[in-house]
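The sequence shown maps to residues 848 to 1232 in the working numbering. From the three backbone atoms N, C-alpha and C, an ideal C-beta is built for every residue, glycine too. These numbers come from a predicted model, not from an experiment.
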Amino acid sequence: MRLHRNTLLRIVTTSGSFSLLKGQLRFLSQKGWNVIGVAGEPENRLQQLTEAEGITSIFIPHLVRPISPANDLKAFLELIRAIKKEKPLIVHANTPKGSLLGMLAAWYCRVPHRIYTVTGLRFETATGLFRRLLIAMERITCLCATKVIPEGDGVAATLRRERITAKPLKKILNGNINGVDLEYYSRNQSLEEAARQIKAKIGEGFTFIFVGRIVRDKGIIELIEAFQRLQKEHSECRLVLLGRQEPDLDPIRPSTLQAIKDNPAIFEAGWQNDVRPWLAAADALAFPSYREGFPNVVMQAGAMSLPSIVTDINGCNEIIIEGENGYIVPPRDPQALYQRMKNMVEDTATTKMMAQKARPLIAERYEQQAVWEAILSEYQKLTKQ
């Protein structure tokens, strides 16, 4: 296969995941790379996101998140056809299914540089045969890759502990796949006005915000339980939930759904294109997830000067420094979560201090342009091999 030396195929499973790389693909294109975005449904979202980045795209109709042998085989063949047509020097993938099939297809086509960025590891919260299957999938993905990049130190440690790969593991700078746009995630007059309008709707009490999928793995059950306890002592507190439910993939129990619906102090805002006004309206982020790679929302909240309560898991415990820009609690522990939420409400001096430190700590370690330059440098090294 005669290679196009400046062609990069960037693969994700569902097209919406390209939003996590916002700006990066345009940056690479402007630096001379022919960047092609490759993903599954929804097709119109793929076109919107890649057009916004100024790059071309290839739609893979059968590339879906659930394990589906029939769809997976078809997607594998579709990826092979795409690779043979474009003849890339580099295939770079993240997200589990897109990475597995993308690395397999790139290996089959003998693409010289096959990069797998490992973000969240699904097997961490799985059990039994399903866990074994997910671990096997990770091992195959890493085996087919020529370079494995962990999103953070925690992911790297898990890969070594579970013997997923023996390949060298080095994160990009301080971690994360895209960094934080500090200009975009900053407070200004228009955001403050939008925040005031939100506060007028939800009330002026201390407001916790959760941003992410409304699913069990994100710790929603524990969050609702902790908030209900807090309400008994601080009825003025509010909780805002930003995100979609996924009843087919990771449903939360009916009693939790009912508790959300029945509680006038809990506000479901659904999925939002722009989370900044909501972050500006909040006093702290509550993010009790069971597993992550390197969560963007914790960095975004920090850039907006919000302290965070996170769980002691990969990524979260790298972004948050205990007592400096937030608190770290054990996962699946509603009592510990409640206690730290209570601390934030009652110890206003410490909460204010953490809010003041939040943005500088993010700016120092995760500025977006620096992350992009580091990724570009990795690609440029490969062109010289």
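Check your understanding: Start and end of the beta strand (DSSP E) containing E1171?
Key -> What you label residue 1171 is simply residue 324 of the sequence shown in a count that begins at 1. E1171 -> no beta strand (DSSP E), and no H or E assigned at all.
Review point. With respect to the beta strand (DSSP E) encompassing V882, which residues constitute its N-terminal and C-terminal limits?
Key: For this step, residue 882 is matched to residue 35 along the sequence shown. First-last of the beta strand (DSSP E) with V882: 881 to 887.
Check your understanding: Is there a Cβ from chain C that is less than 9 Å from the Cβ of Q1203?
Key -> This model lacks chain C altogether; it includes just one protein chain.
Review point. Are at least three pairs of beta-carbons, each pair with one atom in the segment 1088 to 1102 and one in the segment 1018 to 1029, less than 8 Å apart?
Key: no
Exercise for review: State the Cα-Cα distance for the pair I1160 and Y1137, rounded to the nearest angstrom.
Suggested key: Here the question's residue 1160 lines up with position 313 in the sequence shown. Here the question's residue 1137 lines up with position 290 in the sequence shown. Whole-angstrom Cα-Cα distance: 7 Å.
Point to revise | Separation of N1190 from M1201, as counted between CA atoms | key: Translated into positions along the sequence shown, residue 1201 becomes position 354. Translated into positions along the sequence shown, residue 1190 becomes position 343. Roughly 12 Å between the two C-alpha positions.
Point to revise | Start-end ranges of the beta strand (DSSP E) lying completely within the segment 1124 to 1198, minimum 3 residues | key: 1131 to 1134, 1155 to 1158, 1173 to 1176
Review point. At what residues does the beta strand (DSSP E) containing L1070 begin and finish?
Key: Position 223 of the sequence shown holds residue 1070. Where L1070 is concerned, there is no enclosing beta strand (DSSP E), although the alpha helix (DSSP H) it sits in stretches over 1067 to 1080.
**Study point:** C-alpha gap between A1073 and F923, whole angstroms
**Key:** For the purposes of this step, residue 1073 is taken as residue 226 along the sequence shown, with counting starting at 1. For the purposes of this step, residue 923 is taken as residue 76 along the sequence shown, with counting starting at 1. Each residue's alpha carbon lies about 44 Å from the other.
Review point. For L1088 versus V1192, is the C-beta spacing smaller than 9 Å?
Key: Looking up residue 1088 in the sequence shown gives position 241. Looking up residue 1192 in the sequence shown gives position 345. No, these two residues do not count as a Cβ contact at 9 Å.
**Study point:** Proximity below 9 Å, CB of H939 to CB of Y963
**Key:** Residue numbering aside, residue 939 sits at position 92 when the sequence shown is read from its first letter. Residue numbering aside, residue 963 sits at position 116 when the sequence shown is read from its first letter. Yes. Within cutoff.
Review point. Can you tell which of N1110, K934, S876, I1107 has its C-alpha closest to the C-alpha of R849?
Key: Your numbering for residue 849 matches position 2 in the sequence shown. Of the listed residues, the one whose Cα sits closest to R849 is K934.
Check your understanding: How far does the alpha helix (DSSP H) with A940 in it reach, from first residue to last?
Key -> Reading the sequence shown from its first residue, position 93 is the one you call residue 940. Premise fails: A940 lies in the beta strand (DSSP E), 935 to 940, not in any alpha helix (DSSP H).
Review point. Bridge partners of I1011, per DSSP?
Key: Working through the sequence shown from its first residue, we reach residue 1011 at position 164. Its beta-bridge partners do not exist; DSSP assigns none.
Exercise for review: Output the boundary residues of the alpha helix (DSSP H) element that contains T1230.
Suggested key: For the purposes of this step, residue 1230 is taken as the residue at position 383 of the sequence shown. T1230 -> alpha helix (DSSP H) spans 1215 to 1230.
**Study point:** Given L1096 as reference, the closest of L896, T972, R912 once Cα atoms are compared
**Key:** Taking the sequence shown and counting its residues from 1, one reaches residue 1096 at position 249. Per the Cα distances, R912.
Review point. Going by beta carbon distance, what residues of the same chain come within less than 7 Å of A992, once the five residues before and after it are set aside?
Key: Sequence index remark: in the sequence shown, residue 992 carries index 145 (1-based). So the qualifying residues of the chain are M950, R961, I962, Y963.
Check your understanding: At which residues does the beta strand (DSSP E) containing R961 begin and terminate?
Key -> The residue given as residue 961 occupies position 114 in the sequence shown. 960 to 965 is the span of the beta strand (DSSP E), which, as asked, contains R961.
Review point. Can you find at least 3 beta carbon pairs, one from the segment 1124 to 1138 and one from the segment 1009 to 1018, that sit closer than 8 Å?
Key: no
Check your understanding: Is there contact between the segment 972 to 992 and the segment 1154 to 1170, where contact requires at least three CB pairs shorter than 8 Å?
Key -> Between the segment 972 to 992 and the segment 1154 to 1170 there are fewer than three C-beta pairs closer than 8 Å, too few to call the two in contact.
Check your understanding: What runs of the beta strand (DSSP E), each 3 residues or longer, lie entirely inside the segment 975 to 1035?
Key -> The qualifying runs are 994 to 997.
Practice item. Would you mind reading off the limits of the beta strand (DSSP E) that contains F874? Key: Working through the sequence shown from its first residue, we reach residue 874 at position 27. Premise fails: F874 lies in the alpha helix (DSSP H), 871 to 877, not in any beta strand (DSSP E).
Review point. In the DSSP assignment, what residue or residues form a beta bridge with L1096?
Key: To locate residue 1096, count along the sequence shown from 1; it is residue 249. DSSP lists no partner for L1096.
Exercise for review: Taking all protein chains shown into account, decide if R852 is buried (16 or more other Cβ within 10 angstroms of its Cβ) or exposed.
Suggested key: Along the sequence shown, one-based indexing puts residue 852 at 5. R852 should be labelled exposed.
Review point. Do A1128 and A1041 have their C-beta atoms within less than 9 Å of each other?
Key: Counted from its first residue, the sequence shown places residue 1128 at position 281. Counted from its first residue, the sequence shown places residue 1041 at position 194. Yes. Within cutoff.
**Study point:** F1053 (DSSP reduced to helix, strand or coil)
**Key:** What you label residue 1053 is simply residue 206 of the sequence shown in a count that begins at 1. Coil, per DSSP.
Exercise for review: Decide yes or no for the touch test of the segment 887 to 896 against the segment 857 to 871: beta carbon pairs closer than 8 Å, at least 3 of them.
Suggested key: yes
Check your understanding: From this set, K994, T988, N1035, V882, which residue's C-alpha is nearest P1124's C-alpha?
Key -> Along the sequence shown, one-based indexing puts residue 1124 at 277. Checked all of K994, T988, N1035, V882; the closest Cα to P1124 is N1035.
Check your understanding: Does DSSP put I1045 in a helix, in a strand, or in coil?
Key -> Against the sequence shown, residue 1045 aligns to sequence position 198. Look at I1045 here: in three-state DSSP terms it is helix.
Exercise for review: Pull up the CB-CB distance for L926 and A886, whole angstroms please, since I reckon it's below 8 Å.
Suggested key: By 1-based counting over the sequence shown, the position of residue 926 is 79. By 1-based counting over the sequence shown, the position of residue 886 is 39. Not a contact, Cβ separation roughly 11 Å.
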